[in-house]
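What follows is a set of notes on a single structure, which appears directly below.
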Amino acid sequence: MLFALIVLPIVAGFALFALPKTDTRACKAIGVAVALATIAMTLAARNSEQSVRWLSRPFTAAFHVGDSGIGFWIALLLTLCTLCAILASNVPRLRTFIAMLLWLEGTMLGVFLARDLVLFALFWDLMLIPVFLTLVNWGEHPATAWRYFLYNFAGGLTLLLATAAYGILAGTTDVIGASGPHVVGGWVPWIFAGFAFAFLVKTPVFPFHTWMPITYRDTPPPMVAVVGAVQSKAGLYGLIVVAMALLPDYLHAYANVFIVLGVISMLYGAFVALVQSDVKRIVAYSSLSHLGLIVVAIATFNAVALQGAVLYIIAHGLFTAAIFLTLGYVEEREETRSLVRLGGLGAKNPRMAGALCIAALAALGLPGLAGFAGELIIISGIFQSGLIWVSIVALIPIVLAAAYMLRLYQGVMNGPEVADLPERRDLTWIEGLAVAPLIAALVAVGVAPAAILSFDTSAYNVTVPALHTAQVESK
Amino acid sequence: MIHHVMGVNGFYPLLMTLWLLPLAGAVLCWTFGPQLKQLAGWLGAATLGTSFVLTLLSWSAATQNSGGALGAHQSLLSWIPGFDFGLLLDPLSLIWTFIITGVGFLIHFYSIGYMHGDKAFARFFAYMNFFVFAMLTLVLSDNFVGLLVGWGLVGLASYFLIGFWFERPSAVAAARKAFVINVVGDVAIMFAIFVIFTKVGALGFGDVFANASQLGDWVFVVCVGLFIGAAAKSAQLPLHTWLPDAMEGPTPVSALIHAATMVTAGVYLIARCAPLWSVSSDAQMLVGTIGALTALVGAILGTAQWDIKRILAYSTMSQIGYMIMGVGVGAFEGGVAHFFTHAFFKAQLFLGSGLIIHALANEQDVRRMGGLMKKMPFAFVAMLTGVLAICGIPGFSGAFSKDAVIYGALAHGHPWLYAIGLITAGITAYYMFRMIFLTFFGSYRGDVDPSELGIRHPELAGTPAHDEHEPHEHDHAPAWIMAVPVGLLIVPTVFAGWLMFGEHSWWSQFFSAQFAPEHTVATPVSDVMTTVFAVAAVLAGFAIAYLRYGAPAAMEHAIERLRTETVRMPGALANALYFDAALDALFVRTSQLLGTLFGRLIDPLVIDGGVREVALSARWLGTLVRSFQTGLVRAYALILVIGVACFVAYYAIAGGVH
Amino acid sequence: MSALPVSLASYIGLSAVMFFVGVAGVVLRRNPLVMLMSIELMFNAANIVFVAFARAWMHNAGHIFAFLVITVAAAEAAIGLAIVVAVFRSAKNVDVDEVALLKG
Amino acid sequence: MTNVIANPYTSADWNVLYPLGIVALGALAVLFVDLVSKKHAPKWLTLALAGLSVIGAGVVCAQQYGQNYDAFGGGFLLGGFAVVMQELVLVAALGTLALYATLGDEERMAGTIALLLWSTCGAMLMAGAANLMTIFLGLELLSLALYCLCGLRENAIAREAALKYLILSSTASGFLLYGMALLFGSTGSVALAAIAQAPVAGNPMLWIGCALFLVGLAFKLSLVPFHAWSPDVYEGAPLPVTAFMSVATKVGALAVLARFVDAAVPSAGAEKLLLPLWIIAGISMVAGNLGMLAQHDLKRLLAFSGIAQVGYIVAALAGGGALGLRYALFYLIAYTFMNLGAFAVATAISTQAEEGSRLANYHGLAQRRPFLAAAMTFFMLALAGMPPTAGFVGKILILSANVGAGYAWLAGLLILGTAISLYAYAKIIRAMYVRDEHAHAREAHPVSPLAWASAAVCAAVLLVLTFYPLAPSNVIPLVR
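Residue numbers (our numbering), protein chains in the order written: chain U, 8 to 482; chain L, 19 to 676; chain E, 220 to 323; chain C, 184 to 663.
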């Protein structure tokens with residue numbers, strides 16, 4: 008089941024090419040069907056795992072896939088985002104584009120469901136390829152693809168190196184989802200550095216972030232919805248299941264570095280987002296800001312912060328995807344992304360405005376929506392772990408988020424109608440359908456986030472009991 | 019840990035219904051707006067009316083008291099592990115619910131007339147109902163997180179309603195400003211929540227207050243955090259600047275959200291957290307002082323306004339200053355009482371001003387009014403009762419509550435705050451009667467050229483021209499729809515204060531189980547003397563206002579005097595004491611500067627520049643490797659020989675040839 | 220006429236000189252034919268060493284090797300000539316420095 | 184008495200050479216058929232004969248797997264290692280035949296194929312060679328035939344390539360040979376094992392002999408700084424020859440090198456003795472990849488790539504551990520298929536008139552030939568060491584070998600080199616996938632099914648090597 012889940016989208020992506028190039032409806036229909044199937048299979052595959060022997064020397068490795076506790080939720084997010092992205096896709100050469108989305112889904116499912124480090128690294132590098140090809144094919148600037156390539160493959164390389172070295176020291180790489188064997192030796196700091204570099208570049212964190220705004224700018228909206236929402240989480244997921252679980256001593260030792268980088272990212276991204284005029288760049292920098300918070304959360308080794316981090320990973324994915332998709336509609340209709348040009352669309356496009364509004368509100372942490380729950384739990388965890396000043400500083404980006412998200416929303420939807428914008432109709436039902444599940448999930452996760460917090464934190468060497476254990480004690 | 023729940027646990031369907039009805043109304047109005055047309059207004063009002071009735075029916079449940087558990091508690095759902103969300107209706111939240119649904123109903127009803135013909139009529143009622151739902155969430159929540167959720171949602175509703183006419187850039191900017199400042203408050207409350215969660219391990223009010231001692235010295239931090247939240251929501255210094263701008267919203271919005279209910283959430287928060295406040299005298303001092311200063315500054319700024327709604331906005335700020343001062347110093351009963359009466363008379367004033375604005379086709383500048391008493395006697399009566407109440411003329415509602423607050427400051431050992439309260443009372447009388455004289459007395463100035471009145475930019479001076487709002491002549495709603503709520507509000511505006519009259523008033527009975535007995539100090543003057551002082555101050559204020567605006571001499575030269583006053587307005591007053599400019603320079607400009615610096619300088623030059631150097635050097639090295647490929651066989655042979663020479667040299671040395 | 224025994228070192232010395240002459244020829248001469256001849260010199264320098272040491276070790280592998288090398292060198296010369304002729308078929312004089320189409 | 188002298192070797196010795204003999208006879212058969220034909224032997228017949236002999240040799244060779252025999256007094260060591268290496272050479276030959284089927288002209292076909300087969304014989308001989316004589320013989324057989332093959336085309340650059348190859352390679356052979364002579368002189372033996380284990384202290388002739396011997400091998404492997412010939416020769420030679428050369432010479436030379444390292448490692452001075460080898464391997468990884476950055480010709484680019492790839496493989500031998508050797512072999516196998524695959528794609532887009540090796544030929548290939556473009560992408564990713572290719576697994580294995588053997592600096596250089604190479608390989612990928620405005624102008628000519636199939640097979644093998652747990656430790660034998 009799990010193997011099938013990973014392979015299905017990849018194979019389907021190839022199979023699409025058997026269809027005639029012009030039959031975009033069929034391509035889309037198949038894409039949607041595959042995405043729906045992956046959602047169903049992901050749900051069905053919870054708590055299951057599969058393993059097949061792979062290498063026995065120099066270390067044991069296996070094709071071991073399964074839910075690491077956290078991976079399931081991200082996989083679910085991924086399948087949902089992919090479905091929405093395929094529904095919302097409306098680009099030239101649609102067949103190839105949908106194939107790219109499906110490949111991206113399959114490879115990323117591999118990343119989040121891999122229980123073996125080598126398999127993880129393998130899918131990690133694979134997931135970069137569809138994005139790179141998309142940038143080459145649909146991007147506006149050739150330099151963007153290179154920048155993406157340069158940074159991410161450099162990260163992929165250090166990941167490979169670290170994986171190999173870890174495997175040799177530990178004797179096995181079949182370790183994800185548990186607290187792995189304790190590795191020691193002079194090499195371990197370098198192994199840790201290799202992992203950390205890959206994860207921090209992918210997330211990204213200041214100062215490795217400069218590939219990200221331009222990548223988000225140039226990738227077509229449906230793809231960037233998946234990339235911004237889910238691919239960026241690969242780094243954080245890696246930090247949790249690899250750095251926290253397998254190399255806790257070193258994450259402890261270098262926690263301050265991570266916290267400082269996270270805090271800088273948080274503030275840096277928020278400030279830059281305040282003054283951007285390209286709407287996609289605003290969201291890109293807001294991601295830098297939001298994900299910085301999660302990096303801090305992970306570095307605290309606090310169970311509550313970790314639970315919040317996972318919740319916020321999901322929440323951030325949902326609202327980022329929703330914002331990007333909606334902005335994609337805007338761009339498609341108005342042929343511009345500049346806040347200088349845009350304005351006043353809300354009057355004629357209430358559905359579009361509503362979707363963007365809810366997504367933006369979730370992004371700025373409106374209480375009751377998903378983003379708020381994540382932020383609240385994360386920062387409580389940070390406070391709980393004694394980093395009081397960090398928790399205070401972490402509140403600043405929330406205020407800034409309100410400013411830039413409203414600037415974004417109002418700049419597009421409010422104000423007097425701009426006469427020279429091409430006037431188009433409101434969202435079609437299928438476009439609405441593409442955003443609706445994300446919006447619904449934002450509300451649902453905001454109101455009842457408990458399920459996502461239920462994973463077992465004990466594998467991650469946290470120092471303080473998690474929320475649900477606290478509950479057990481209290482009863 | 020034993021769970022302490024405030025209120026008697028049970029199943030209260032009425033409570034849940036009155037909470038959720040407005041949400042249902044909002045959803046219906048939003049979803050079926052185009053189909054409902056004018057019915058949306060009636061639907062919105064009806065849900066609130068029903069909620070109000072349900073509130074009255076829940077009265078006995080809210081006031082039940084069994085073994086220390088006061089009020090009704092309804093468990094709802096487990097939000098995150100360990101944190102259950104529930105509803106709590108006790109006397110404190112009952113008072114708020116009463117106002118929210120009661121006054122809210124009247125304002126909704128009024129809005130049916132006021133908003134008649136607006137193209138987004140249904141959307142308006144959806145937002146309004148949503149606001150009521152959010153506000154009820156705020157006051158009915160039994161824990162800090164739920165309160166914060168309501169806190170954020172009312173901010174959102176406020177944002178929507180301030181920016182209701184979102185085609186107007188000024189409305190859009192005002193909405194954003196209000197929201198961002200309120201988020202500052204939200205995060206401060208979040209911080210307080212972190213402290214409580216870490217130190218106490220629970221977030222339910224009952225648990226927290228029962229274990230408040232575990233907070234230790236952190237209780238001051240918690241109080242400050244909560245107070246920053248309260249200050250942002252309730253327009254306390256220095257976070258008040260959004261409130262005057264919020265008048266960009268339709269007048270019923272100003273009446274409901276920015277006068278009667280939402281802006282008093284800070285008062286509710288402090289009253290709710292009375293067990294925390296009563297153990298932190300530092301917090302009392304801080305909050306009481308800021309409340310008093312806000313009352314004073316709001317009143318001073320109120321004297322310099324020309325826009326009728328901005329006058330009322332500053333007066334709201336000033337009056338909330340009183341309430342905050344009251345609950346801040348520990349006079350919870352008095353502070354809450356002032357909330358109660360203020361809700362009536364301020365709603366009354368706003369709705370009354372709405373009548374004027376509506377009749378004058380959206381004219382809001384008092385300089386262009388005048389002599390309206392004859393044209394609009396009903397509005398005059400409504401406004402006058404409101405003004406008398408706000409000034410605290412004995413017998414009118416405001417007198418009882420305001421004097422209780424001012425005296426409370428003295429009784430809790432803050433003579434300076436007492437003095438400020440009395441001075442503010444005088445100033446209040448001055449600017450309120452200034453408004454009355456300018457609006458209703460003298461002759462109508464609406465046909466005078468604005469420049470003669472000193473209005474340099476009429477379009478910027480509070481006279482918005484929003485066609486979509488302007489009702490068509492033939493399409494007026496019946497006049498009674500707007501008149502009835504105003505008329506009904508006159509009753510509590512005048513009489514509500516009597517509930518608080520006397521040593522063992524109904525009010526103090528009502529709250530006897532809610533608030534712990536207050537620790538008062540011996541006062542040099544009695545409460546009766548306080549009323550005398552207050553009346554004296556009010557009379558003084560009235561006298562000045564009369565001399566400047568109401569006396570026959572002033573009336574004769576009204577136009578010249580107004581022009582002079584406008585032109586000679588001191589800069590500090592004209593610019594609202596530079597609060598806006600200071601906040602702008604300190605935070606907004608700085609943030610933008612940093613953003614520009616990072617985005618334009620560090621990203622492209624420092625980081626990318628470094629990476630580019632690396633890439634370029636790789637390419638340069640590639641060219642270097644290439645440059646050896648000259649294509650000449652002999653050159654290759656030479657390279658080969660040199661390589662061999664190196665090899666041989668190494669091996670010769672390593673092999674021991676000396 | 221006295222027959223002085225020739226030491227092993229002399230053979231090695233001779234072969235080393237031959238070898239260096241060969242190497243110098245490859246690097247310095249521009250005529251491909253001369254270069255090929257220089258390479259033959261290098262091969263034959265090796266042959267001298269083989270034969271000398273075959274004698275010294277009393278091991279006939281050196282001899283066999285030398286024959287092998289002679290054969291290979293002959294084949295190489297043949298192929299080399301063919302290629303040189305093919306390259307310079309139309310040219311009046313032969314100069315490897317003028318053959319540099321492939322570079323960079 | 185005479186019996187013994189006349190026939191020192193038994194049939195067991197000669198049995199070992201069956202595969203080689205079949206290939207050599209195949210070459211003769213090809214020539215014979217051409218001789219008896221009216222004008223030329225038909226192209227298909229030549230290729231079929233050659234193909235049959237190569238496949239037959241492969242089958243016979245495979246049957247030898249598992250037998251261990253020191254043939255010809257240690258001149259040729261039969262064992263798993265030799266079998267695997269010979270099979271690789273045969274694979275290269277078969278692939279080259281497929282390319283010739285597309286590109287060769289009938290007139291010269293028989294001679295060309297015969298030379299190719301003899302060249303194959305040389306490489307196969309090297310695969311099992313364990314003494315200096317067989318090594319030299321194999322090397323020269325391989326090289327002499329290749330000189331001719333390079334020049335077998337009627338144009339100036341092919342001949343220039345042949346001339347350069349001839350002169351430089353012969354010079355290198357001269358060094359190698361002189362080194363061999365010194366080794367023989369200093370140890371009195373021609374057996375690699377005896378040489379490598381000779382006492383090293385106070386034996387300068389041995390050391391200098393080693394230096395020259397290793398230089399000769401490094402030249403054949405085109406390790407920096409002995410690489411200068413390879414870009415020019417690769418570019419100038421006909422496409423199939425380049426393909427063959429890029430694999431077969433490297434397989435042969437690596438087989439010898441691996442034997443030498445394996446034999447030398449247990450001795451006392453081994454670390455010192457082999458250090459220069461690791462150093463030039465490290466330099467090659469970086470310099471080879473750097474050299475790729477500014478190239479516009481696929482063959483030239485792959486020449487630089489080959490420099491770096493061989494650097495990786497040699498680096499895997501560092502430390503001399505048994506695992507390192509196996510990983511080197513694994514990577515060599517993978518390298519064989521990825522290189523052949525890339526050349527197969529290049530052949531598929533070639534015409535008789537023009538070889539498809541200019542990078543310009545690849546612009547917008549994805550539009551014209553999406554599957555070829557996909558295959559090429561796959562090979563480029565494999566060369567770059569990206570998943571899901573065997574190149575990825577191979578690199579991980581080599582890294583682990585390096586780190587495990589204490590040569591972390593080699594691992595570091597490998598990472599650096601790979602990082603640089605990504606850029607160069609991605610340039611080709613991008614060229615293929617970028618939208619070509621003149622797409623309609625470039626007519627997509629028919630693709631040879633054989634070239635197509637070769638590419639597909641290579642891709643499939645690479646994929647299988649990635650996912651099939653071909654634990655190198657189980658299947659791939661040691662030097663024996």
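Glycine included, C-beta positions come from ideal geometry on N, C-alpha and C.
- Rounded to the nearest whole angstrom, the CA to CA distance from U/G393 to L/T457 is 58 Å.
- At least one CB of chain C lies nearer than 8 Å to the CB of L/T641.
- At least one beta carbon of chain C lies nearer than 8 Å to the beta carbon of U/V143.
- If you compare the alpha carbons of C/V576, C/S326, C/I579 with that of C/T303, the shortest gap goes to C/S326.
- Around the beta carbon of L/H575, fewer than 16 other beta carbons sit within 10 angstroms, so the residue counts as exposed.
- Counting the other Cβ atoms within 10 Å of the Cβ of U/K240 gives 16 or more, which makes it buried.
- In this structure L/F223 is in contact with L/N161, their Cβ atoms being roughly 6 Å apart against a cut-off of 8 Å.
- The CB of C/P553 comes closer than 9 Å to the CB of F24, T103 in chain U, given here in chain order.
- L580, L582, S583, A584, V586, G587, A591, A594: these are the residues of the region 580–597 of chain C whose beta carbon lies less than 8 Å from some beta carbon of chain U, given in chain order.
- Among the residues facing chain C, L/L634 is not included, as its CB has no counterpart in that chain under 8 Å away.
- Where U/Q314 is concerned, the enclosing alpha helix (DSSP H) starts and stops at 310–341.
- Taking the Cα positions, U/L258 is about 10 Å away from U/A252.
- Annotated three-state conformation of U/D132 is helix, per DSSP.
- It is roughly 8 Å from the alpha-carbon of U/Q283 to the alpha-carbon of L/G617.
- DSSP, read as helix, strand or coil, puts U/T67 in strand.
- Taking a C-beta distance under 8 Å as the contact criterion, U/I77 and U/V317 qualify as a contact pair.
- Between the region 292–299 of chain C and the region 443–458 of chain C there are fewer than three C-beta pairs closer than 8 Å, too few to call the two in contact.
- Secondary structure of L/V543 (DSSP, three-state): coil.
- When Cβ-Cβ separations below 8 Å define contact, L/R630 makes no contact with chain C.
- Spatial neighbours of E/M237 in its own chain (CB-CB distance under 6 Å, excluding positions within 5 residues in sequence) are listed in chain order as L260, A264.
- Against chain L, the CB of E/R249 has a partner CB under 8 Å away; the residue lies at that interface.
- Annotation: the continuous alpha helix (DSSP H) that includes E/I298 extends over 280–306.
- Think of a sphere of 9 Å around the beta carbon of E/G232: no beta carbon from chain L falls inside it, the nearest being about 15 Å out.
- When 8 Å is used as the limit between beta carbons, C/L346 is near these residues of chain E: P251, I302, V303, V306, V315, V318, in chain order.
- The C-alpha of C/L232 is placed about 7 Å away from the C-alpha of C/A212.
- About 6 Å separates the Cβ atoms of U/G163 and U/W131, confirming a contact at the 8 Å cut-off.
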